[in-house]
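Data block below; observations after.
Number of protein chains: 4
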Amino acid sequence: MNIRTDLAMEAYELLTETADEIAGIGVKKEQINNTEITRVEVKTKDAAKKLGKPEGNYVTVEVSDVSMLDSDKMEALCQLLANEIKALANLKKDSTVLVIGLGNRNVTPDALGPEVISCLMVTRHMLEYMPEQMPDGIRSVCAISPGVLGITGIETEEIVRGVTEKIKPNLVICIDALAARSIKRISRTIQICDTGIAPGAGVGNKRRALNRQTLGVPVIAIGVPTVIDAATITSDSLLAVTDSLKKSAKQGSEFYNMLSKIDEDEQFALIKEALYMSNENFIVTPKDVDLMIEKTAKIVANGINLALHEDISLEDVEMYVG
Amino acid sequence: MNIRTDLAMEAYELLTETADEIAGIGVKKEQINNTEITRVEVKTKDAAKKLGKPEGNYVTVEVSDVSMLDSDKMEALCQLLANEIKALANLKKDSTVLVIGLGNRNVTPDALGPEVISCLMVTRHMLEYMPEQMPDGIRSVCAISPGVLGITGIETEEIVRGVTEKIKPNLVICIDALAARSIKRISRTIQICDTGIAPGAGVGNKRRALNRQTLGVPVIAIGVPTVIDAATITSDSLLAVTDSLKKSAKQGSEFYNMLSKIDEDEQFALIKEALYMSNENFIVTPKDVDLMIEKTAKIVANGINLALHEDISLEDVEMYVG
Amino acid sequence: MNIRTDLAMEAYELLTETADEIAGIGVKKEQINNTEITRVEVKTKDAAKKLGKPEGNYVTVEVSDVSMLDSDKMEALCQLLANEIKALANLKKDSTVLVIGLGNRNVTPDALGPEVISCLMVTRHMLEYMPEQMPDGIRSVCAISPGVLGITGIETEEIVRGVTEKIKPNLVICIDALAARSIKRISRTIQICDTGIAPGAGVGNKRRALNRQTLGVPVIAIGVPTVIDAATITSDSLLAVTDSLKKSAKQGSEFYNMLSKIDEDEQFALIKEALYMSNENFIVTPKDVDLMIEKTAKIVANGINLALHEDISLEDVEMYVG
Amino acid sequence: MNIRTDLAMEAYELLTETADEIAGIGVKKEQINNTEITRVEVKTKDAAKKLGKPEGNYVTVEVSDVSMLDSDKMEALCQLLANEIKALANLKKDSTVLVIGLGNRNVTPDALGPEVISCLMVTRHMLEYMPEQMPDGIRSVCAISPGVLGITGIETEEIVRGVTEKIKPNLVICIDALAARSIKRISRTIQICDTGIAPGAGVGNKRRALNRQTLGVPVIAIGVPTVIDAATITSDSLLAVTDSLKKSAKQGSEFYNMLSKIDEDEQFALIKEALYMSNENFIVTPKDVDLMIEKTAKIVANGINLALHEDISLEDVEMYVG
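Each protein sequence line maps, in turn, to chains V, B, Y and A. For the first sequence, the residue numbers in the working numbering are 1 to 322. For the second sequence, the residue numbers in the working numbering are 1 to 322. For the third sequence, the residue numbers in the working numbering are 1 to 322. For the fourth sequence, the residue numbers in the working numbering are 1 to 322.
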């Protein structure tokens with residue numbers, strides 16, 4: 001499969017276009033108010049290989065339009081995210097959590113991770129230096145934005161491993177901007193999974209994995225699609241049109257046969273060439289990506305804040321984070 | 001024509017795909033070092049209508065890759081731009097020039113105008129308050145970034161007219177981020193024209209014209225393509241593939257005929273629907289658009305600086321602008 | 001008086017240190033919850049000259065600590081500001097209001113004005129293009145950030161006058177960062193007055209006035225102290241110490257007499273020299289001035305939003321402004 | 001000593017106001033063009049205690065005005081810094097260097113470190129993934145901006161140690177914004193030392209040391225004063241005035257005796273109280289601190305770039321860093 005998506009749910013939809021059911025993959029959908037939750041469980045190595053995603057749980061939360069939420073719906077969405085994070089996290093009362101904001105803060109569509117960190121309720125230093133002033137239910141949370149390979153010269157995984165070995169957290173949460181296949185996912189979808197960050201995933205093409213194997217502790221990854229590869233979207237548009245042509249062509253006719261013979265990979269290469277997209281540096285993104293990242297980062301951060309600390313409200317968070 | 005380009009040169013190329021020569025349009029190409037200059041002159045009302053661009057002169061400067069220029073080539077490029085601006089500007093020794101940075105500084109691909117303003121050698125206040133300290137050859141230059149309708153609630157044209165009536169400049173130069181049709185123009189092309197800003201042009205969809213008619217003084221517009229509409233690029237990819245299929249199909253065959261019947265406008269609508277692009281809010285842009293805007297703004301600003309002030313070097317400008 | 005303050009209330013306090021009451025100046029204080037409101041009315045030309053502030057009304061709102069407000073107290077503060085603005089504004093149902101964000105967005109302590117503009121509920125274009133979709137009670141509000149002389153080469157007053165003549169608003173509101181004399185005012189004080197912006201006021205040293213005389217419409221100015229001149233604060237510290245020494249010295253003794261002879265202006269010059277503050281480019285400011293500006297701008301903007309539009313809540317504003 | 005300076009040279013000047021020479025401290029001054037270099041060597045534990053700075057070498061480079069340098073003088077200054085860094089660094093051909101950008105990127109006067117990192121020629125990943133494409137003389141350089149305790153919840157020293165243990169560099173270079181005592185140092189002074197970062201130093205009050213003892217490798221620290229504590233500057237202004245009064249008073253007179261009795265610490269406390277500076281959150285800084293940080297960061301980064309890589313010019317760096 002040439003076409004890239006970081007969403008397990010999209011990968012599943014692409015697979016099931018041809019095969020109705022895939023052994024070893026469980027999918028459940030649930031609707032809560034205007035939010036659709038899809039839970040994909042990849043149960044076997046075989047299924048993982050087919051899907052191109054490691055074994056584990058992937059929860060996708062989809063809202064109709066993030067930019068249209070009033071403050072009550074916003075709080076409800078953050079609480080819903082918090083519940084999903086808690087369900088995967090298995091936190092204890094004295095757990096320490098390290099949150100990693102992946103991505104490049106200077107490249108807007110890749111800046112989600114660092115933005116989330118800046119809205120996070122970080123407490124580890126306070127629990128250390130003034131424990132008596134901290135209310136019950138506040139867990140030890142710390143956070144870093146390690147930067148990207150091109151700017152640091154260091155694999156993100158090396159930095160995260162170094163810090164993890166010093167901090168010894170009970171859980172690592174990684175935040176990353178993702179690439180989706182479909183424009184309708186952009187700024188409307190949040191994926192939470194317990195498999196960490198796969199090699200090569202994310203907008204910034206991180207090379208090495210961040211997961212329980214590499215870090216030695218459970219790793220939850222939270223991702224939001226912010227871009228689509230320009231080549232992907234053009235290929236998809238082509239498929240949409242050939243599909244529509246096929247429907248209007250008589251089955252068995254020369255035209256139908258020709259259309260069926262069009263090889264997807266060949267088209268993909270052709271498009272890339274035709275559009276001078278020799279490298280992967282062009283993306284499709286909303287015009288107001290700056291604002292979108294800001295809003296989504298706040299939602300993700302508050303989902304984490306409500307998940308990691310007990311008995312706090314968004315208002316408490318606001319006073320704390322400032 | 002559904003497909004939008006702000007470049008007169010691209011519009012011309014699209015027209016001449018079908019018709020070899022267009023009456024009333026003159027086109028000259030020139031190569032200076034690695035830079036290609038195309039001069040399009042729209043001479044008649046008829047030609048203007050065909051091209052969708054007002055009568056006047058459009059100079060397009062194309063470099064192979066802006067991000068690869070060393071400082072000597074950068075200076076040469078700025079000087080070349082300066083010469084083209086001067087050729088259109090008809091400046092006198094005591095001309096006052098007002099530079100307008102169009103676009104929204106908070107939306108990266110639309111921020112070119114305000115960025116250029118911040119690199120400009122502005123002198124009007126100095127010539128007024130300490131004329132004796134200013135060297136000969138320094139012209140009176142002032143500049144504003146009027147913002148965009150969605151943030152100010154005021155048509156850009158109203159602000160610019162209000163300021164123009166107070167300042168009474170001899171020339172207005174407008175800077176704007178443009179939409180192109182082809183990805184190969186992005187960050188490599190600079191268009192300079194003497195027709196001002198046409199209604200509806202630019203990334204931010206400015207509604208009203210800024211030109212000699214509306215402002216009462218000559219208006220030069222300088223634009224750089226920073227985005228392509230996502231719908232445009234997908235439509236183009238489709239054309240590329242159907243063209244290629246046509247070539248391989250036998251002329252006169254059923255398949256060939258079917259392909260020929262595909263209506264471009266219909267496809268365009270179909271793609272928009274298929275990709276959930278119900279509005280025009282998705283764009284194709286380089287991943288590092290932030291850096292690209294910064295670099296290009298500096299080049300455009302220095303082209304203007306060298307054009308408007310006599311006997312100065314880029315080094316003088318650097319000390320001055322800071 | 002060498003020492004500069006943009007607050008009428010501070011100027012009054014300085015005057016009354018020596019003279020108990022000043023003819024032609026009325027002062028009323030009011031306490032609402034944790035907020036202290038001081039209303040200074042300058043009634044005569046003579047009083048205006050003494051105070052160094054034009055005739056008119058100056059309302060100062062002081063909170064104990066802006067960074068410690070929860071969302072209820074924040075809303076109450078914004079509503080209180082809204083009431084004070086309305087009391088000075090005399091708005092009609094169909095009034096058009098132009099808000100001016102003074103200052104330099106690239107110099108943090110001077111960026112309050114442009115920041116306020118970015119949080120404003122701007123409606124003029126909507127009332128023009130889709131009046132039927134706008135609820136009752138929404139007034140026509142538009143806004144610009146004209147930049148500063150050093151960047152535009154144009155006196156702010158020229159830009160504002162040009163735009164005002166085009167828009168013909170019924171009221172102009174100017175926002176500006178101020179210089180105070182006392183550190184306890186910084187980030188805790190908001191001044192609203194109906195005299196506009198006086199020449200030479202503000203952090204960025206605007207030269208010309210913005211008021212009913214220059215603009216032809218009523219002008220309300222809203223200012224927040226963000227800095228103190230470094231020279232001012234050092235001079236004040238000196239006064240504090242000499243005052244304390246005087247108290248401990250016997251009246252009539254040589255020491256007391258020497259202290260009394262210390263000339264304030266001379267000290268001021270001496271300090272400037274001693275500290276290499278030959279120019280006025282050093283300021284005293286909170287370490288986290290970036291955050292302080294962001295918070296205060298939101299409060300001021302919401303005070304204006306609630307004042308200019310009827311029957312709206314902060315939640316409505318949030319959905320609208322984004 | 002109540003009054004804080006991070007500059008060894010200033011600390012030395014303060015000491016020698018009372019005692020002419022201090023055993024165990026060597027000081028050499030050198031003038032190169034318009035740049036003054038002061039080399040302070042702290043040779044004994046005793047001297048270190050007196051000076052409040054650890055044993056080692058401190059080189060201070062002072063320029064008359066950074067904002068007035070043309071590009072030739074800029075290059076000369078960067079080369080001069082490079083030479084001083086090399087003299088302390090003892091680099092081998094295959095040394096790996098880790099550069100740490102200390103400070104908070106969101107608090108302008110504390111953002112020097114992260115700003116320097118963004119202008120650095122980082123090469124470690126390139127030497128690893130495409131060694132054949134890298135010219136001779138390019139050393140392995142990597143860099144991180146670890147953030148500050150209040151945002152990460154992690155002591156900077158923990159992050160740096162974690163990364164150092166993974167990377168195993170031969171040298172660590174730390175960049176930090178400093179607090180000076182005198183306004184004339186701000187934006188004109190660069191300190192390079194081989195003792196690392198002392199506990200509690202820097203604008204952001206870092207608590208733990210970064211040096212050979214804590215990191216296990218040699219540590220060079222490069223610092224630039226960007227602020228003065230508001231309390232420090234007011235105390236200094238007081239001293240300046242009392243000194244001047246003393247000069248004019250007759251020795252032995254009552255006035256002279258009273259002045260001599262004024263206790264410095266007491267004054268300091270008094271000033272703090274008088275000015276409501278109960279905490280250390282107010283600073284004195286240039287009005288255009290944003291621009292000053294940007295310029296200085298570029299100079300420091302280029303000094304490091306020229307020091308760490310052989311046979312490169314600033315123009316090479318510019319093409320590389322972009």
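The beta-carbon is built from N, C-alpha and C at its ideal position, and this holds for glycine as well. Computed from a predicted structure; not experimentally measured.
Look up residue i in the DSSP assignment and say whether it is helix, strand or coil.
| i | result |
| --- | --- |
| residue 211 of chain Y | coil |
| residue 218 of chain V | coil |
| residue 174 of chain A | strand |
| residue 345 of chain Y | A query on residue 345 of chain Y cannot be resolved here, the shown segment of chain Y reaching from 1 to 322 and no further. |
| residue 4 of chain B | coil |
| residue 197 of chain V | strand |
| residue 324 of chain V | Outside the shown range of chain V (1 to 322) lies residue 324 of chain V, about which nothing can therefore be said. |
| residue 126 of chain Y | helix |
| residue 137 of chain B | coil |
| residue 250 of chain A | coil |
| residue 17 of chain V | coil |
| residue 9 of chain Y | helix |
| residue 236 of chain B | helix |
At what residues does the beta strand (DSSP E) containing residue i begin and finish?
| i | result |
| --- | --- |
| residue 143 of chain B | 140-144 |
| residue 286 of chain V | 282-286 |
| residue 122 of chain B | From DSSP, residue 122 of chain B is part of no beta strand (DSSP E); its letter is neither H nor E. |
Starting from residue i and walking both ways along the alpha helix (DSSP H), at which residues does that stretch end?
| i | result |
| --- | --- |
| residue 316 of chain A | 314-321 |
| residue 306 of chain V | 289-308 |
| residue 150 of chain A | 149-152 |
| residue 388 of chain B | Because chain B is modelled from 1 through 322, residue 388 of chain B falls outside the range shown and cannot be assessed. |
| residue 183 of chain B | Premise fails: residue 183 of chain B is in no alpha helix (DSSP H) and is neither H nor E. |
| residue 107 of chain V | Run containing residue 107 of chain V: none; DSSP gives neither H nor E here. |
Starting from residue i, follow its DSSP beta bridges and name the residues at the other end.
| i | result |
| --- | --- |
| residue 189 of chain Y | Y:62 |
| residue 225 of chain V | V:178 |
| residue 32 of chain V | V:35 |
| residue 98 of chain V | V:142 and V:172 |
| residue 57 of chain V | V:41 |
Identify the contact partners of residue i in chain B, using a Cβ-Cβ distance below 8 Å as the criterion.
| i | result |
| --- | --- |
| residue 141 of chain V | None at all; the shortest Cβ gap to chain B is about 30 Å. |
| residue 281 of chain V | 286, 287 and 288 |
Quick one: which chain B residues come within Cβ less than 9 Å of residue i?
| i | result |
| --- | --- |
| residue 147 of chain Y | 117, 143, 144 and 145 |
List the residues of chain V whose Cβ lies closer than 9 Å to the Cβ of residue i, in chain order.
| i | result |
| --- | --- |
| residue 165 of chain A | 162, 165 and 166 |
Which chain B residues sit within Cβ distance under 7 Å of residue i?
| i | result |
| --- | --- |
| residue 70 of chain A | 315 and 319 |
Within 8 Å of chain Y by C-beta, residues of the stretch 149-162 of chain B in sequence order: 149, 150, 151, 152, 153, 154, 155, 158, 159, 161 and 162
Chain-ordered residues of the stretch 98-126 of chain B with a beta carbon less than 9 Å from chain Y: For the stretch 98-126 of chain B, which is checked against every Cβ of chain Y, the residues closer than 9 Å are 98, 105, 106, 117, 118, 120, 122, 123, 124, 125 and 126.
Residues of the stretch 213-238 of chain B whose Cβ lies closer than 9 Å to any Cβ of chain V, in chain order: Within the stretch 213-238 of chain B, the residues whose Cβ lies closer than 9 Å to some Cβ of chain V are 227, 228, 230, 231, 233, 234, 235, 236, 237 and 238, listed in chain order.
Members of the stretch 246-257 of chain V that neighbour chain B once the beta carbon cut-off is set at 8 Å: 249, 253, 254 and 255
Residues of the stretch 179-197 of chain B with Cβ closer than 9 Å to any Cβ of chain V, in chain order: 182, 183, 184 and 186
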